[in-house]
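Reviewing the structure listed below.
In our numbering, the protein residues as written are 132 to 487.
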C-alpha cells in the first residue's frame, strides 16, 4: 500500500504543476492583451489634405541626338582610299574624316590647264615685245592679256578640284559626332557627293517618343524635365521646340523634340536614354503623399479619420508627380488623411496615431 500511495501522490503533484503552468501562461497572456495600449485599434500616421494647383504632366522617354546634321563632301571626284571615322564617333574640328585619291581625269585637266596658262603667258610677253617694235597692235596685246587671265582662272579652278595633287583629305569643319557614312572605302564618288554626315554637338537635342493619342495636347514652348534613367540622377529643365505629328512605322510612336541645355551635355552625351515629364498645364486637386491613395476592384480610395474611426473615401486620380498625387473626391478638409498604416484598414476600423 505504501508504494501505491507514493504513486498516487506523484500523480497529484504532476496534475497540480500542469494546472499551475496553464494558469500562469493563459492568464498572463490575457493580462498582457488587456494591458496593451490601444488594443483593438490600428496604429496610423495621418497628414492634412490641402487643395492646391498641381501640374498636369505627360511621362515620356527619349534619346539624346546630335544637333543639325551637315553633309561633308569634296568639290572633286575621286576614289575613297581611306575612311578614318565610324558612325557614332565624336570628332573635333580639323580632325581627319576621309582621304580621296584624285580622279585621273582631274589630273589630266590640271596638266592641260597649266600648259595652257604657260602658253598664254608666253604669248602675252611676245605681243608686248612686238608692240614695242610697232609690229603689233594694242588690241592684240589686250587679247593676249585676256587669254592669260582666263588660263590662270582655269588653272585655279582645276587646283580647287585637286588636280594638282594625287590625293586630298576631308577634315571636320566643326566639333560633332558622325551621324552616318553613306559610302564605303574603295567607292568612286562624284564631285560634291556626301562622304560623311556630321551632326553638331554644340546644340544637342532630345528625340522624345509620345503616344499618338496624346500628341494633340502638346505644343512648342511647353516645359519638359529631363533626366537619365538611373535612379536619383539629377534632372534638367528644357522646352519643346517642335512636335512631330507623324507615327514612326517601327515604334508606332509620334515624337517631340527638346533642346538639351549646354550645362547637361557633358553628362548626357549623344545616344543617352532619358526619361522626361512634359508640363501640360495645372489643375486644382487634393495634394497628398502617393502612399495615401490605394486602389482595389472598386477604384482609387483613401481613409480619413473621424472621431477615431477610419472612413473610406472614393477618389479619382488627376495628377501624379514624383512623390505626390492629386485627387478629386468628397474629402473633408477638416479631417486628417491616413498616409501610413492604411493597408491594414477597413471602413469603420478604430485607429490611433498622429500627424507628423
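Backbone N, C-alpha and C fix where the C-beta goes; we use that ideal spot for every residue, glycine too.
Within 7 Å, strictly: CB atoms of residue i and residue j
i, j, result
"residue 460", "residue 449", "no"
"residue 173", "residue 472", "yes"
"residue 409", "residue 355", "yes"
"residue 205", "residue 215", "no"
"residue 367", "residue 397", "no"
"residue 308", "residue 221", "yes"
"residue 328", "residue 310", "yes"
"residue 312", "residue 423", "no"
"residue 181", "residue 418", "yes"
"residue 411", "residue 387", "no"
"residue 407", "residue 476", "no"
"residue 322", "residue 197", "no"
"residue 446", "residue 339", "no"
"residue 389", "residue 360", "no"
"residue 232", "residue 210", "yes"
Segment limits, beta strand (DSSP E) that includes residue i
i, result
"residue 212", "209-214"
"residue 432", "430-437"
"residue 468", "468-471"
"residue 448", "447-451"
"residue 203", "200-204"
"residue 427", "425-427"
"residue 328", "325-331"
"residue 460", "Segment: none, residue 460 is in no beta strand (DSSP E) and carries neither H nor E."
"residue 350", "Here residue 350 belongs to no beta strand (DSSP E), and DSSP marks it neither H nor E."
"residue 380", "That residue, residue 380, is in no beta strand (DSSP E); it is neither H nor E in DSSP."
"residue 175", "173-178"
"residue 358", "354-359"
Bridge-paired residues (DSSP) for residue i
i, result
"residue 183", "416"
"residue 375", "386"
"residue 454", "Answer by DSSP bridge pairing: none, since residue 454 is not bridged."
"residue 307", "222, 331"
"residue 192", "340, 406"
"residue 302", "227"
Close Cβ partners of residue i (< 6 Å) along its chain, the five nearest in sequence each way excluded
i, result
"residue 169", "Low confidence applies to residue 169: its pLDDT is 47, below 50, so where it sits in the model is not reliable, and the reading given next is rough at best. Answer for residue 169: 483, listed in chain order."
"residue 251", "278, 279, 282"
"residue 159", "With a pLDDT of only 40 at residue 159, under 50, the local geometry of the prediction cannot be trusted, and the value read off the model is given with reservation. There are no such residues."
"residue 225", "302"
"residue 156", "Note that residue 156 scores 45 on pLDDT, short of 50, meaning its location in the model is unreliable and no value can be drawn from it."
"residue 223", "306"
Cβ neighbours of residue i in the same chain (closer than 7 Å, five flanking residues each side left out)
i, result
"residue 346", "374, 376, 385"
"residue 195", "335, 337, 391, 399, 400, 401, 402, 403, 405"
"residue 428", "none"
"residue 286", "244, 245, 248"
"residue 470", "176, 177, 178, 420, 422, 423"
"residue 193", "337, 338, 339, 340, 405, 407"
"residue 430", "445"
"residue 466", "435, 436, 437"
Proximal residues to residue i (C-beta, below 8 Å), its chain only, five neighbours per side dropped
i, result
"residue 255", "272, 275, 276, 278, 279"
"residue 479", "440, 441, 442"
"residue 474", "425"
"residue 269", "262"
"residue 383", "343"
"residue 332", "197, 198, 221, 306, 307, 308, 396, 401"
heavy atom of the ligand GTP below 6 Å from residue i C-beta
i, result
"residue 260", "This structure lacks the ligand GTP; in fact it carries no ligand of any kind."
> Touching or not, the stretch 240-250 and the stretch 280-292, by the rule of three or more beta carbon pairs under 8 Å?
Replying inline: yes
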